[in-house]
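Heads up: the structure comes next, in structure tokens.
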Amino acid sequence: MKSQVQDQTLHVFFDEDLTSTNVHSLQKACIALVDGNASVSYICVDISHVGMIDSQGLNFLIGFHKDCAARSVAFRVVGASPMNMRLFEMVNLGEHLSIA
685 MKSQVQDQTL
695 HVFFDEDLTS
705 TNVHSLQKAC
715 IALVDGNASV
725 SYICVDISHV
735 GMIDSQGLNF
745 LIGFHKDCAA
755 RSVAFRVVGA
765 SPMNMRLFEM
775 VNLGEHLSIA
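Following our numbering, the numbering of the sequence shown begins with 685 at its first residue and continues without gaps.
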């Protein structure tokens, strides 16, 4: 995972699958990122290099979104592959998150 702050936007780039084997450590890292960048008003999560997302990965994204909403920080997921977009559509995640 990499991150970059530009203006008041925190860009988070995931370069690994979002699966049960790694989401716990990613969750801790993301909370630390948000806490360490209290001045940001927008978080853009780039998943263009994520090949697979399982149920725990979906829960992770939903939890990350909820953590941001509790801090009044806008949240958006970008770079979803066609396969991941189909997954998001199957579980109606687009109704809850901004996804592109």
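Virtual Cβ for every residue (Gly too), placed ideally from N, Cα, C.
Spatial neighbours of residue i in its chain, beta-carbon cut-off 8 Å, leaving aside the 5 residues before and after
i, result
"Glu703", "Here residue 703 is Thr; the residue named in the question, Glu, does not match the sequence. So the qualifying residues of the chain are Met736, Ile737, Asp738, Gln740, Gly741."
"Gly778", "Phe772"
"Val707", "Gln740, Gly741, Asn743, Phe744"
"Val674", "Residue 674 is absent from the structure shown; the chain starts at 685 and stops at 784."
"Phe698", "Met685, Leu710, Val729, Asp730, Ile731, His733, Val734"
Rounded Cβ spacing between residue i and residue j (contact assumed at less than 8 Å)
i, j, result
"Leu694", "Ile715", "That pair is no contact at about 12 Å."
Residue j beta carbon less than 7 Å from that of residue i
i, j, result
"Val734", "Asp701", "yes"
"Gly668", "Ile731", "Since the displayed the chain opens at 685 and closes at 784, residue 668 lies outside it and no answer follows."
"Leu717", "Ser687", "yes"
"Leu781", "His749", "yes"
"Val689", "Val729", "no"
Counterpart residues of residue i in DSSP-defined beta bridges
i, result
"His681", "The structure shown does not extend to residue 681, since the chain is modelled only from 685 through 784, so no value can be given for it."
"Leu702", "Ile737"
"Ser782", "Arg760"
Same chain, Cβ closer than 6 Å to residue i, neighbours up to 5 away in sequence not counted
i, result
"Asn768", "Ile737"
Residue-level contact to chain D via CB, residue i, 7 Å cutoff
i, result
"Ala713", "No chain D appears in this structure, which consists of one protein chain only."
7 Å Cβ shell around residue i - same chain, five flanking residues per side excluded
i, result
"Asn721", "Val689, Leu694"
In the stretch 711–769, which residue ranges form an unbroken beta strand (DSSP E) of at least 3 residues, counting only runs that do not cross its ends? Restricting attention to beta strand (DSSP E) runs no shorter than 3 residues, the stretch 711–769 encloses them at 726–730, 758–762, ordered along the chain.
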